[in-house]
Every structure is written in C-alpha cells, then in structure tokens.
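Student:
2 protein chains.
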Amino acid sequence: MGSVTVTPDQEGVLGQEFTSHVIQSMGAETSPRLREVMGSFIQHIHDFARETQLTMDEWMMGVDMINWAGKMSTDRRNEGQLLCDVIGLESLVDNITYNVAANSGKPVTASAILGPFWRADTPTRPNGSSISFDTPEDGQVAFMHGKVTCAETGKPIANAVVDIWQASTNGLYEQQDPQQQEHNLRGKFVTNENGEYSLYCLRPTPYPIPNDGPAGKLLSLLHRHEWRPAHIHLIIIADNYKPVTTQIFDEDSKYLDDDSVFAVKSGLTVKFVERKGDPKAKLELEYNIALAPADK
Amino acid sequence: MGSVTVTPDQEGVLGQEFTSHVIQSMGAETSPRLREVMGSFIQHIHDFARETQLTMDEWMMGVDMINWAGKMSTDRRNEGQLLCDVIGLESLVDNITYNVAANSGKPVTASAILGPFWRADTPTRPNGSSISFDTPEDGQVAFMHGKVTCAETGKPIANAVVDIWQASTNGLYEQQDPQQQEHNLRGKFVTNENGEYSLYCLRPTPYPIPNDGPAGKLLSLLHRHEWRPAHIHLIIIADNYKPVTTQIFDEDSKYLDDDSVFAVKSGLTVKFVERKGDPKAKLELEYNIALAPADK
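Protein chains in written order, with UniProt numbering: chain L, 1 to 296; chain X, 1 to 296.
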C-alpha cells in the first residue's frame with residue numbers, strides 16, 4: 001500500500017539486462033531465423049536509443065514518420081520503402097541478398113526484385129519496337145540493343161526476358177502520371193536465337209524522388225537533395241540462369257556521386273553514342289548482359 | 001557502350017565505407033542533434049542488416065509492417081507506437097528521457113507524456129466522485145485516494161492535477177468501445193489544500209493489446225501473448241514540479257513478469273485492500289505521489 005515515490009526504475013530498464021529480457025521473451029517455437037533477425041534488430045534499436053539518449057519527443061517523431069509513410073503508401077507508391085532507400089538500406093540489403101545468393105546457391109526470389117515502379121503485368125513487345133508512346137518534346141529517343149550471354153561459356157542465351165522500365169523526362173513513371181498512357185516506357189523483350197534484344201527508349205534524365213512524404217521530409221531535414229541520376233531499370237530472367245535486377249546509369253548524368261537513394265554501383269554506368277542513318281533515333285546504347293548459371 | 005557483367009559491386013556496398021558514405025551525405029547545415037541521432041540510427045540499421053545478412057524478402061516484410069502500421073493508425077489508435085512497444089522501445093526511451101531530464105534539469109515536455117489512450121480533453125471531476133459511468137457486472141469498484149507531496153520537503157502540494165485513465169473489464173478504453181460513454185473511466189482530479197485527491201474507479205483487469213495489426217502479428221510470430229497486467233494510467237502535474245507519467249500495477253495481477261509491452265517497473269505495484277462501511281466500494285487503494293521540484 002502506501003507511498004510510492006514515482007521514479008522510473010532506471011537501472012533496470014536502461015541497461016542491457018532489459019534488452020536481454022525483451023529478446024528472451026520470444027517463445028520457444030519462434031523460427032530460428034526470425035529469432036536471429038528480431039534479436040539483432042531489438043539489440044541494435046535499443047543500443048541506438050541508449051547511445052543517442054533518445055527522448056520521447058524524438059522517438060515520437062520517428063513513430064509519426066512511420067505512420068505517415070504507411071498512410072501515403074498505395075498500390076502505386078511505397079513510401080516505407082522510399083524511407084529505407086534514402087538511408088541506403090535497400091541498396092545495402094539488395095547487395096547482401098545477391099551476395100548470399102551467390103555464396104549459398106540459393107536463387108534470388110521473385111519478390112526480392114520488385115521495386116516501387118516495376119509492374120508485374122508489363123506487356124511483352126517485339127524486338128525493335130518502341131516503349132515510348134508519348135515521347136515528350138524534350139525527350140531524346142535512343143536505340144537500345146544488346147546480347148544476353150552465359151557468363152561462363154559466353155554463348156548467347158535465347159528466350160531470355162529483358163524487362164525494362166524508365167521514367168519520362170518529367171521525372172514520372174507512367175503509373176504516377178495521368179498524362180502518360182498505360183505501360184508507357186516499359187516493356188518486356190525476348191531475346192532471339194542469337195541472344196539479341198532491341199528497342200527504342202528515351203535517353204533517361206535525372207529526376208527527384210517524391211518529396212511530399214516522410215522520405216522527402218527526412219531529406220530536407222538532412223539538407224540533402226532529392227535527385228536521382230538518369231537511369232533505366234532492368235530485370236533479366238532466363239531459364240537455368242540467376243535472374244538479375246539492376247539499374248544502368250548514363251555516365252554523363254548529374255548525381256552519379258550523390259544519388260539520393262544510393263543505388264549507383266561501379267560497373268553500371270553506360271554511354272549513349274550518336275546513331276546515324278536511323279530516322280527514329282539519334283542516339284544509341286549497346287548494353288550486353290552476362291548471366292551466371294543457376295545452381296543445379 | 002560495352003559489355004557489362006551485371007554483378008553488384010559487393011565490396012563497395014557491403015562494407016562500412018558504404019555506411020560512412022550514407023552518413024556523410026548529410027548536409028553541413030543539418031542540426032547537430034539530428035546528425036547525431038540519424039548517424040547512429042543509420043549505423044545500427046546497416047550493422048543489423050549486415051549482421052543478419054538480411055535478405056530483400058525479409059526487408060520487404062519489415063516495410064510491409066511499417067506501411068500496415070501507418071494504415072491502421074488513426075486519432076484513436078497509434079499502431080506505429082504499439083509496434084515499438086512490443087519490442088520494449090517505448091519503455092526504454094521513456095526511462096532514458098526521465099534519466100536525461102533528471103540529470104540535465106530539462107523538464108519533461110508535454111508531448112513526452114502522451115500515450116495511445118490518453119486524451120487531452122479529459123474533464124476535471126470533483127474529488128470523491130466516480131469515473132465509472134457504465135460499471136460492468138464483473139467490475140469491482142474501488143475507492144482510490146492519496147496525497148501529492150513535495151519529494152524534497154514532504155509538504156503537501158495543493159492544486160496538483162491527477163489525470164487518470166483506465167480500461168474497462170472488457171479490456172477496452174472508452175474511445176475503443178462504442179458501448180462506453182464519452183470519457184468513461186477517465187478524469188482529472190485537483191488536490192485540495194492538504195494535497196489530497198480521491199475518486200471511485202474500477203479495480204483494473206488484465207487485457208490484451210489489439211492483435212488485428214502488425215504489432216499483434218509480430219507477437220504471434222514471436223510466440224508471445226498479447227496481455228498486459230492490470231494497471232491504471234496516471235499523469236501528475238503541478239506548478240513548479242516535474243510532471244510524472246506513470247502506470248500503477250495491481251500486485252495481484254497476472255502478467256506482471258511478462259507484460260506484452262514491458263512497462264512494469266519495480267516500485268509501481270500497488271495493493272487493493274478491503275474497504276468497510278462504504279456502500280459504493282468494497283475495495284480501497286491508497287496511492288501517494290512525491291513530485292520532484294522543477295529546476296529553476
């Protein structure tokens with residue numbers, strides 16, 4: 001009964017014993033992998049709070065950002081993902097995943113390769129056709145072509161699917177932009193018997209990531225810009241080979257060194273060159289892809 | 001131009017240099033505190049991903065949980081907060097905040113003391129009145145009373161505000177439950193010249209936190225139960241004293257050792273005793289509060 005001086009039990013809750021208690025509260029039947037992941041997550045989040053002496057106000061700002069991200073997210077926009085992107089987390093996890101797959105022989109799964117603007121229902125188009133149906137006045141059409149080969153033997157891979165998507169010169173993907181027609185600037189191309197694919201696309205241009213949500217707010221608070229360097233997204237899939245998700249960057253683009261989502265990797269820059277004798281395009285991009293065989 | 005073997009630049013993005021690059025991308029004008037907090041957060045989140053070799057699938061499950069939390073959150077429910085609660089983060093940050101305030105003389109701010117079910121517009125009620133307007137059949141009414149004093153001098157504090165709220169026996173706070181009337185089981189009581197407050201409330205009962213969102217999903221994945229021990233929430237505010245937010249726990253309650261949100265602290269358990277000669281209540285709870293003077 002009686003008198004209680006209301007002083008939080010600081011020793012108990014401030015220390016590592018508290019963190020251990022939280023981690024050990026996981027039930028015995030918890031999957032080993034989830035136990036590993038959540039144990040590490042709880043440890044790091046608690047250490048972060050202790051290290052910075054995080055206050056309730058600051059923590060609540062973080063909670064508000066998380067809730068705001070969820071509220072803004074739709075089928076067409078994933079703000080939680082974007083929040084992770086601006087702190088480099090997706091880029092890091094993407095590389096870890098490839099590294100794990102490469103070392104363990106586990107194939108990279110389809111869900112690992114979904115980005116915020118990729119669409120599952122992208123139509124397959126004939127080689128040599130264009131993905132630009134609403135070419136803007138400031139758009140530069142480029143003929144993109146290349147060969148998909150086996151990284152081990154160098155032999156061409158037929159029937160590989162090259163899935164491509166890009167933003168228009170206004171910085172918007174078609175699902176963000178009511179002015180663009182359905183599936184504009186995206187398409188799947190199937191390689192021929194020589195492993196070749198080809199299409200007309202736009203020379204990509206830099207664009208800012210959306211700044212009307214928590215990711216934009218965070219960038220602003222960190223005094224960072226929102227721009228991404230000019231790039232084209234690609235997924236390349238072929239039977240018996242490891243699929244690859246990537247972005248290729250125009251080597252003449254701004255923001256290669258300070259991509260707002262840290263996706264630029266060495267070896268992924270490409271050069272657009274002059275194309276002659278083609279009324280449909282004044283630029284050309286050759287982009288060849290070597291796929292590693294899948295593990296048996 | 002050229003042939004590019006699409007292999008992520010693993011060395012570069014997997015290591016600490018990448019994390020340093022992300023942290024150093026903060027602009028020069030970033031506030032020193034935000035730089036400290038975000039620098040530590042980015043470091044720990046990246047270390048977590050490296051330590052667990054987090055995969056894209058696992059990361060995307062986390063993103064989905066964050067977005068789900070935001071979508072479920074309303075004026076009456078904060079699922080982002082609840083997600084933090086089940087990993088012990090709010091309890092930890094709460095204690096850090098009190099500790100920082102105690103050491104630095106910085107007063108605990110009002111926004112630090114808002115919980116998911118507290119309401120700013122709670123009515124002030126006369127001492128000796130009841131906060132239970134829809135007493136359920138299985139509810140046990142208790143007379144709660146006590147004195148607010150100065151922790152240094154022991155003198156009573158008049159005009160202190162004791163703000164109290166509790167769930168009903170069905171586990172729901174009034175704003176969660178259309179069957180309860182507005183402001184049921186909550187009220188503010190102002191101490192008299194002797195520092196005394198008094199009211200009738202319910203003996204609290206254990207209840208599960210909501211399990212229809214990501215916090216419940218996480219508990220289920222971790223094979224943990226959703227229950228909280230029986231408790232009453234309090235905020236005590238008085239001019240010239242440090243405000244206190246707390247919960248008091250019935251020492252006879254279940255779940256004191258495994259509160260689903262880790263809020264139980266030593267020194268915060270109380271004992272309900274038999275009350276005689278009061279037709280309105282068969283139980284009594286004396287709860288006295290000592291407040292620390294605010295820094296000048």
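A virtual CB, placed ideally from N, CA and C, is assigned to each residue, including glycine.
Classify V261(X) as buried or exposed, calling it buried when 16 or more other Cβ atoms lie within 10 Å of its own Cβ.
Tutor: buried
Student: Using a cut-off of 8 Å between C-beta atoms, extract the partners of I96(L) located in chain X.
Tutor: L14, A49, R50, Q53, L54 and T55
Student: Based on the DSSP output, what are the partners of V270(L) in its beta bridges?
Tutor: Answer by DSSP bridge pairing, in chain order: D250(L).
Student: For the stretch 26 to 45 of chain L against the stretch 56 to 65 of chain L, are there 3 or more C-beta pairs whose distance is under 8 Å?
Tutor: no
Student: What does a CB cutoff of less than 8 Å around I248(X) pick up in its chain, not counting 5 residues either side in sequence?
Tutor: H231, I232, L234, L268, T269, V270 and Y287
Student: Are the Cβ atoms of Y200(L) and G146(L) separated by less than 8 Å?
Tutor: Contact flag unset, no.
Student: At which residues does the alpha helix (DSSP H) containing T124(L) begin and terminate?
Tutor: Premise fails: T124(L) is in no alpha helix (DSSP H) and is neither H nor E.
Student: On the criterion of 16 or more Cβ atoms from any shown chain inside 10 Å, does D295(L) qualify as buried, or is it exposed?
Tutor: exposed
Student: Could you spell out the range, first to last residue, of the alpha helix (DSSP H) harbouring L219(X)?
Tutor: P214 to L221
Student: So who's on the other strand from D163(X), going by DSSP bridges?
Tutor: Partner(s): K188(X) and I235(X).
Student: Determine, for L256(X), whether the minimum Cβ-Cβ distance to residues of chain L falls below 8 Å.
Tutor: no
Student: What did DSSP end up calling P8(L) once you bin it into helix, strand or coil?
Tutor: Here the model assigns P8(L) a pLDDT of 40, short of 50, so the residue's position is not dependable and the matter cannot be decided.
Student: Helix or strand or just coil, what does DSSP make of R77(X)?
Tutor: strand
Student: Chain L beta carbons: is any one of them nearer than 8 Å to that of C150(X)?
Tutor: Cβ-Cβ to chain L under 8 Å: no for C150(X).
Student: Given that G84(X) touches chain L, what residues does it touch there, using C-beta distances under 8 Å?
Tutor: Contrary to the premise, residue 84(X) reads as Cys rather than Gly in this sequence. In chain order: W59 and V63.
Student: Looking at the C-beta of F117(X), does it have a partner C-beta in chain L at a distance below 8 Å?
Tutor: no
Student: Against R224(L), what residues of chain X qualify as contacts under a CB-to-CB distance less than 8 Å, listed in chain order?
Tutor: By Cβ distance, chain X contributes S25, M26 and G27.
Student: Compare the C-beta of V141(L) with all C-beta atoms of chain X and state if any pair is closer than 8 Å.
Tutor: no
Student: Report the CB separation of N159(X) from A238(X) in whole angstroms; it is logged as a contact under 8 Å.
Tutor: 7 Å
Student: Going along chain L, which residues have a C-beta under 9 Å from T30(X)?
Tutor: L221, L222, H223 and R224
Student: Determine which residues of the stretch 36 to 48 of chain L have a Cβ less than 7 Å from any Cβ of chain X, and write them out in chain order.
Tutor: E36, V37, M38, S40, F41, I42, H44, I45, H46, D47 and F48
Student: I'd like to know if W68(X) contacts chain L, where contact means its C-beta is closer than 8 Å to some C-beta of that chain.
Tutor: yes
Student: So which residues of chain L does Q81(X) contact, with C-beta pairs closer than 7 Å?
Tutor: V63
Student: Beta-carbon separation of F18(L) and L92(X) under 8 Å?
Tutor: yes
Student: Determine which residues of the stretch 164 to 198 of chain X have a Cβ less than 7 Å from any Cβ of chain L, and write them out in chain order.
Tutor: none
Student: Against L89(L), what residues of chain X qualify as contacts under a CB-to-CB distance less than 8 Å, listed in chain order?
Tutor: I45, H46, A49 and W59
Student: Under 8 Å, Cβ to Cβ, is there at least one residue of chain X near V22(L)?
Tutor: yes
Student: With a CB to CB cut of under 6 Å and the five nearest residues on each side skipped, what residues in its chain are close to N240(L)?
Tutor: A294
Student: Just how far apart, CA to CA, sit L285(L) and M144(L)?
Tutor: Cα to Cα, the separation comes out at about 5 Å.
Student: What residues match up with A142(X) in a beta bridge as DSSP calls it?
Tutor: C201(X) and L283(X)
Student: Which term fits A69(L), buried or exposed, when burial requires 16 or more other beta carbons within 10 angstroms of its beta carbon?
Tutor: buried
Student: Can you check which of these residues, G195(X), S20(X) and G88(X), is closest to A263(X) by C-alpha distance?
Tutor: G88(X)
Student: Does L92(X) get closer than 8 Å to chain L when you measure Cβ to Cβ?
Tutor: yes
Student: Round the Cβ separation of L14(L) and N99(X) to the nearest angstrom and send it over; I've been treating them as touching at under 8 Å.
Tutor: 6 Å
Student: Helix, strand or coil for P208(L), going by three-state DSSP, please let me know.
Tutor: Assigned with DSSP and collapsed to three states, P208(L) falls in strand.
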